[in-house]
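Chains as they are written, first to last, in this note's numbering: chain F, 71 to 409; chain Y, 71 to 409; chain P, 5 to 327; chain B, 24 to 532. See below for the structure under consideration.
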Amino acid sequence: MTTDTSQKSAPRASNIAETARRYALFVLLGLMLLGFWWAQPAFINSANLFSILQAVSVVAILGVGVSITMSAGGFDLSVGSVAASAVMAASYAMVVLQLDAVSTFILVLAIGALIGLANGLLIVKVGVPDLLATLSTMFLLAGLQLIPTGGRSITAGMVLPDGSTAKGAYDPAFLLLGRSRLFDIVPLPVVIMAVVAVIAWFLMERTRFGRVFYAIGGNETAAHLAGAPTKAYRLAAYIISGTLASLGGLIIASRVGRGDVSAGNSLLLDAVAASLIGFAVLDKRRPHVLGTVLGAIFVGVLLNGLTMLNAPYYTQDFVKGAVLVGALALTFGLGKRKR
Amino acid sequence: MTTDTSQKSAPRASNIAETARRYALFVLLGLMLLGFWWAQPAFINSANLFSILQAVSVVAILGVGVSITMSAGGFDLSVGSVAASAVMAASYAMVVLQLDAVSTFILVLAIGALIGLANGLLIVKVGVPDLLATLSTMFLLAGLQLIPTGGRSITAGMVLPDGSTAKGAYDPAFLLLGRSRLFDIVPLPVVIMAVVAVIAWFLMERTRFGRVFYAIGGNETAAHLAGAPTKAYRLAAYIISGTLASLGGLIIASRVGRGDVSAGNSLLLDAVAASLIGFAVLDKRRPHVLGTVLGAIFVGVLLNGLTMLNAPYYTQDFVKGAVLVGALALTFGLGKRKR
Amino acid sequence: EGIAGAPAPFDKGGVKIAVVSFLGSGDWLQAFEAGVKRQAEALGIEANISQARNDINQERELIQQAINLGVKGIIINNGQPEALKDVAQAALDAGIPVIAYDVNLDNPKIPQVEQSDADMARLVLEQALKDEGTSFEGGVVYVAGFAPLDRRYAVWKDIVAKNPGIKDVATWGVVNDTVAASVADQTKAVLRANPNLSVVFTPWDEFARGVKLAVDELGLGDKVKIYGVDISTSDIQAIIEPGSPWVATAATNPSVVGEASVRGLAQLIAGQDPGHSILIQPTLVTKNDLVDNNIKTIEELQAKFPAFKDSDAAKAPWIPEPK
Amino acid sequence: MSAPQASIALSVTGIEKSFGPTRALAGADLTVAAGEIVALMGANGAGKSTLVKIISGSYWPDAGTMTLGGKAVSFASPREAKAAGIATVHQATDQAGAAGLTVAENLTLDELCGTGPLFVSGRSIRRRARAIAGLIDLDLPMDRDFLDLRPAERQLVAIARAVAAKASVLILDEPTSSLSTAEAERLFALLKRLRAQGMAILYISHRLGDLAAIADRAVVLRGGRIVGAFPRPIDFPAAVAAMIGRPLEAAAHGGEPSTAPIIAALRNVQLIPGAVRFDLDLRSGEVVAITGTLGSGKSRLLRVLFGLDTPHAGTVTLDGKPWHSDGPGRSIAKGVFMVAEDRWQSSLLPPETPGASIAGTIALPHLPRWFPAGIIDATRERLVATDAIRRLGIKARNADATLDQLSGGNQQKVVLARWQAEPCRLLLLDEPFQGVDVGAREDLIAAIRGSQGGSATVIATSDTEEALEVADRILVMRDHTLISADGSEGSLAAAIGGAASASPRKLEP
Ligand SMILES: Nc1ncnc2c1ncn2[C@@H]1O[C@H](COP(=O)(O)OP(=O)(O)OP(=O)(O)O)[C@@H](O)[C@H]1O
Ligand SMILES: Nc1ncnc2c1ncn2[C@@H]1O[C@H](COP(=O)(O)OP(=O)(O)OP(=O)(O)O)[C@@H](O)[C@H]1O
Ligand SMILES: [Mg+2]
Ligand SMILES: [Mg+2]
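Here it is in structure tokens:
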């Protein structure tokens, strides 16, 4: 059945525009690196570059989770508060329950997975819309995480609500997670981020599971009719997202070394921003892992460079927004697709 | 060709479930009111009830804007920062530019509309996805609003970045907006909220314009082919949302009496929450104005009651989340539509 | 359950007050509220405690709500005068006495409890001048818009202006959900850009923790010194860590602030005058103090530094000591 | 029922299914033997698609049993049905594939969603997709987004997937609704080959010509029950009578070339670069059908007339004045209406949207005219819709029913009713009778002809049978140009005969 194949005579100009669109964010990133290097030579030394990666690692890991739920047509608003809860849970496990690093690690990941499961069940079984379900979870966790300690942050020697003193402390082995370096140069969180990114990228781009996630996001009924157990996949997306968020929380906990009280809202926004910026990377116009990680790095470079140049904190937000708008206008504005 | 009219034997049980679903949130609200009244008689006095309405007025107004963009298939993440910017702009106009109440009011609304227009153009003309465009605007404004004052809050007699002292002050007439009461009993912000809600409800539910907004959200191509100027409508949705957000900001400014850097932090999430809860009201499963306002009131009653009962702040978040989950499970879980 | 010999209404008990805080969370608030509860219990007061979570508009609503609830008195903890003056006046008009901590409501009827941010900042910065001399490269972690931080930052500016030898090379800071980690990331960038930076003033302990994290990660513990404000158990542990760059901090005891506020309000309710200004003196705590006295927790600090444990502010013979 | 000589592959008995108060199936029985093609006939809303969805595991029946190859089965999901060897092409082309995925990925969707190889790459998927496409000689750009495909191409992708599944039972629910004769015939050849290999095929179509070409046996569904079975040679008039409850009158139109005033005229129009230029006059009161193979440019011509696309060259006039529109809104205001080819994408709203009801769907384009003040009067909408329901025999509970509750053919009727709700100058219908049963088609044609006051109607259809039935004049389009576009040229039969490479099928009585 003949259907005229794509016009072969695609004009050269549109090809250039397309290439520009594909790599716009890479080029911008390159320019930023050069610009900051020129303005502040210390910017480009490898230790600083690894600092940047370390700074963005948590956001990138959360962002990967968000982008996986997004690719399956959902949206996880609870990642920020799952990460915050994970910080509290890890601290509670060690300081109050006196668990060791490994048990804490496993316990917290399990909690993250469980929260993801709860999100997923609410969405898939009860039929609550994604945004609504994860928003509820977000509020629920923001409160729940503080109940065991009565709103106090968790540190060694803290006084518990019942008046006794906590006997445990952070396991030094646990602190390695956030503070040690591979080969004395690559911070462990960066390694974890890289591993997560590679596995997630492989899952989403190189296995059929990934295609099914995207198919569900594109047209759930079609995927269901084609034989995909769509509910199981959507459940899985939220479990992955919850687990990754708790992994992010573990990294924060091990860096900070205490159970800090916070709702994790800014983590949520940064993670969502990273995965949304990812849309523009390679001109995919859809959530994807590589884009998310690049989006996080993009913002991280910007903030690090501006800090080095001693820009006041509010100009950082402004520049972040302005660069975003610019990058987006570039990607989406350049010869956009015709309907 | 026979048109078989509905067989009358619709099972009664499913009707009850449907009614329960429709009014679940109303019933829950009623129960909450009764419960708090019982636990704390002061809860139900009219001054307190108006306090609740006043407390939720800004969130409800912003939520209405969000729900209008949502009904047109978009999403405005920038409402919180538009409101915050409006607070700063209003203060700047009066304290630094020495404008009077009326000019300030008009100026700030115009700024809000302009930001909405910018959002809309970015989305409609440049083709940036809604979430992405409004997220950028959000970051942009978060920084931009602080630049004129170098990150300081705006108060009468403040020292400007150039070293001079601001000569203006808040116009007392402006403060009436947030602080006066109609008939000495209904706070003006509540009146404004009611007016906004009624107009928006009428627009969205009773006019053809509302129909078109929803049609665009449901299927933009279909709306376009049916003759709707979809781009103009989407633009309008963002302009409305921006204007309402700046109206919310004006109310905050007149209540707070200064340009505060931290004003409006949680507004975005609360407004989104209100409009999402609205989905469940009357079992509409879509954004709608009445639901949004009720969603805001619902959360307001909950928080006010819990505060009166002296619940610690973290249990408030927890209860908010738990009640949400419960209400949603009730609405969506009760005899959901069959495959 | 009243207190024998106390003035009305405390002789009968059952007095209800409201405590409205601007802050939303954190160790300082926890300790403050613990102090409030302790003193309130001793007085037979039922305290309704609420937080505005950094939302000034919300603080107004909460005060309004306290009026609706018909409490006998209100403690306003932090906030901004422009937003609160008229509601505070509304409370007074309703016959409810008000006492304010760390926010100047500019009303002769409203006593002010103050910990003097300026004094705290000055105490610790003078220690810095003592340790480091009057010429060094310094930096400050600061985010505008938080009243106490603004006041502490003003002292830094003042000291820099008065000491031409001090070079104020960088200002940074961020307030988000992971303050310590984010400030650490920023600090690393700053320290790389300014290798000679030797003094960092951190007007909030959360900032100090972030800077410490960065200094530790870069291994600059012997070059960079942190002068901070505020103290808590986890702060003490951060300070006494071997090689910790955090060498001094100035603080008042938040529990004491809470206790004094309740005492002041109780006097107002009883019709007595606690005085317009109730001052809580800050204490300077250095690393050496802590290490030499083997202090590891706030409780031990209170035991060894009586000035930190208690304040005579707003005391009256009929008011029982908190337990 | 004719006893099939081969073994029975699929058999269902006593299937019942209700949607709330609507009883879609009331005890349906059906058997399909291996190596047999069974035509399932039935008016719109008879329950055909519902039966298909039950067999293929997407609906759970209220009652009834099913055997596959002699073994009792029941499927909780499409996945189970697929695993058991049932492949299905569903009627709704909006469920044929996933947007955001490429054509190649959609061709291999069943394998990706089922039990294909775990590790995939763009290359491996394309290779596999080419093999699947090859089964039906489908040539599509593999990297294009599925969203950008035209409905006919989507339908072909779905067919290719089902054929590739190597199932024992193949179910096709109106697979040719937007295909042209040539594509359809190639499909029939393939189905015959599969039949020879012993596959059991259940085929649903409203195109009697299709059924005549391939069916071994026809069963008629009515009111949720099988009301007739017709072995080969199939007596179609009787089957149609059983299906719609009355005999079908053969329609005949055409004849005298019209001399009525010209409403729209195309002069020297070149649709796309390189195409041959052509002229076209559309006169008041006439119905013109345009037919041609897939991708020949029919839709594009209609879009040009509607003002959605501009021609590469040439002029278009409407009522003597140059015609260009800045969007559908203006076109509609000028009295140029278009029913686009894909009803899902072009007309249907999700059920929770206000205005997704039959009344709202019909009213949407007419809102500015009906309610100039802006305030909606729901009774007026409902009145128009109720009238349409009665007139076109739309099977629905009432005017407030949402379109997702209607059968495919009834959805199409609502879409047509929308554009008949107001008088117009130029009515453009792109594949208007997709999935509409023969009886209803007759009613619709009568309605179109009846409302032919001062307007011209252009119908683009890939089905020549349909074209013959409805039009005064048939034009054939090939390579984006009109062949025999002269209106004055002899008889209709000659116009078709002299044109396309595909030979027209004869209208079965
Ligand atoms: N999801 C649903 N909700 C309510 N009613 C439905 C639903 N699906 C189908 N129906 C009703 O069931 C009946 C049978 O529909 P079905 O789609 O099976 O018809 P069909 O024979 O395929 O018709 P067509 O030829 O028009 O495709 C119709 O009256 C339809 O309105
Ligand atoms: N500017 C152009 N240059 C070359 N080819 C084009 C151009 N515009 C459209 N086409 C191609 O011409 C074909 C015309 O498609 P159209 O939808 O009009 O055909 P159709 O006859 O309606 O086909 P169908 O039967 O699939 O509905 C499409 O394959 C399209 O890709
Ligand atoms: Mg059907
Ligand atoms: Mg076509």
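All residues carry an ideal CB built from backbone N, CA and C; glycine is no exception.
Burial state of residue i (16 or more Cβ within 10 Å)
| i | result |
| --- | --- |
| P/Asn-61 | buried |
| P/Gly-247 | exposed |
| B/Thr-333 | exposed |
| B/Gln-220 | exposed |
| P/Pro-207 | buried |
| F/Ala-226 | buried |
| B/Ala-152 | buried |
| B/Ser-319 | buried |
| B/Ala-523 | Because B/Ala-523 carries a pLDDT of 38, less than 50, the predicted location of this residue cannot be relied on, and the following value inherits that uncertainty. By the 10 Å Cβ count, B/Ala-523 comes out buried. |
| B/Gly-330 | buried |
| P/Ile-67 | buried |
| P/Pro-310 | exposed |
| F/Asn-115 | exposed |
| F/Thr-204 | buried |
Pairwise C-alpha distance: residue j and residue i
| i | j | result |
| --- | --- | --- |
| B/Asp-133 | B/Met-500 | 35 Å |
| F/Leu-246 | F/Ile-321 | 10 Å |
| F/Gly-144 | B/Leu-170 | 20 Å |
| F/Trp-107 | F/Ala-344 | 23 Å |
| F/Arg-278 | B/Leu-135 | 5 Å |
| F/Met-164 | F/Ile-181 | 15 Å |
| B/Gly-510 | B/Arg-230 | Interpretation of B/Gly-510 is limited by its pLDDT of 41, a score under 50 that renders its predicted location unreliable; no figure is taken from the coordinates. |
| Y/Arg-251 | Y/Val-261 | 9 Å |
| F/Pro-357 | F/Ile-138 | 7 Å |
| B/Pro-391 | Y/Val-178 | 33 Å |
| P/Ile-78 | Y/Phe-113 | 18 Å |
Contact belief for residue i with residue j at Cβ below 8 Å, rounded distance in angstroms
| i | j | result |
| --- | --- | --- |
| B/Ser-203 | B/Leu-325 | About 15 Å; that fails the 8 Å criterion. |
| P/Leu-129 | P/Trp-160 | 7 Å |
| F/Tyr-384 | Y/Gly-329 | The pair is not a contact, with the Cβ atoms about 13 Å apart (cut-off 8 Å). |
| Y/Leu-314 | Y/Leu-132 | 6 Å |
| B/Arg-240 | B/Glu-59 | 7 Å |
| B/Ile-385 | B/Val-437 | 7 Å |
Report task. Please go through the segment 277-320 of chain F and give each complete beta strand (DSSP E) segment of 3 or more residues, from N-terminal end onward. Result -> Whole beta strand (DSSP E) segments, 3+ residues: zero.
Query raised in the report: Taking a cut of 7 Å between CB atoms, which residues from the segment 290-317 of chain F lie near chain C?
Result: No chain C appears in this structure, whose protein chains are F, Y, P and B.
Requested in this report: Could you name each continuous alpha helix (DSSP H) segment of 4 residues or more that falls completely within the segment 249-277 of chain P, going from the start of the chain to the end?
Outcome: With a minimum length of 4 residues, the continuous alpha helix (DSSP H) runs that stay inside the segment 249-277 of chain P are 258-273.
**Report entry** beta strand (DSSP E) runs contained entirely in the segment 63-124 of chain B, provided each spans 3 or more residues
**Finding:** Within the segment 63-124 of chain B, the complete beta strand (DSSP E) runs of at least 3 residues are 86-91, 94-96, 109-112.
Query - Length at least 4, wholly inside the segment 30-94 of chain P: the alpha helix (DSSP H) runs in chain order - result: Considered as a whole, the segment 30-94 of chain P harbours 31-46, 60-73 as its complete alpha helix (DSSP H) runs of no fewer than 4 residues, in chain order.
Requested in this report: Starting from the N-terminal side, write out each stretch of the alpha helix (DSSP H) that is 4 residues or longer and does not extend beyond the segment 118-168 of chain Y.
Outcome: 149-161, all fully within the segment 118-168 of chain Y.
Query - Any beta strand (DSSP E) of 3 or more consecutive residues that is wholly inside the segment 313-370 of chain F - result: If we require 3 residues or more, the segment 313-370 of chain F turns out to have no beta strand (DSSP E) run fully inside it.
Requested in this report: For the segment 231-310 of chain B, list the alpha helix (DSSP H) runs that are entirely contained and at least 4 residues long, ordered along the chain.
Outcome: The qualifying runs are 231-237, 259-267.
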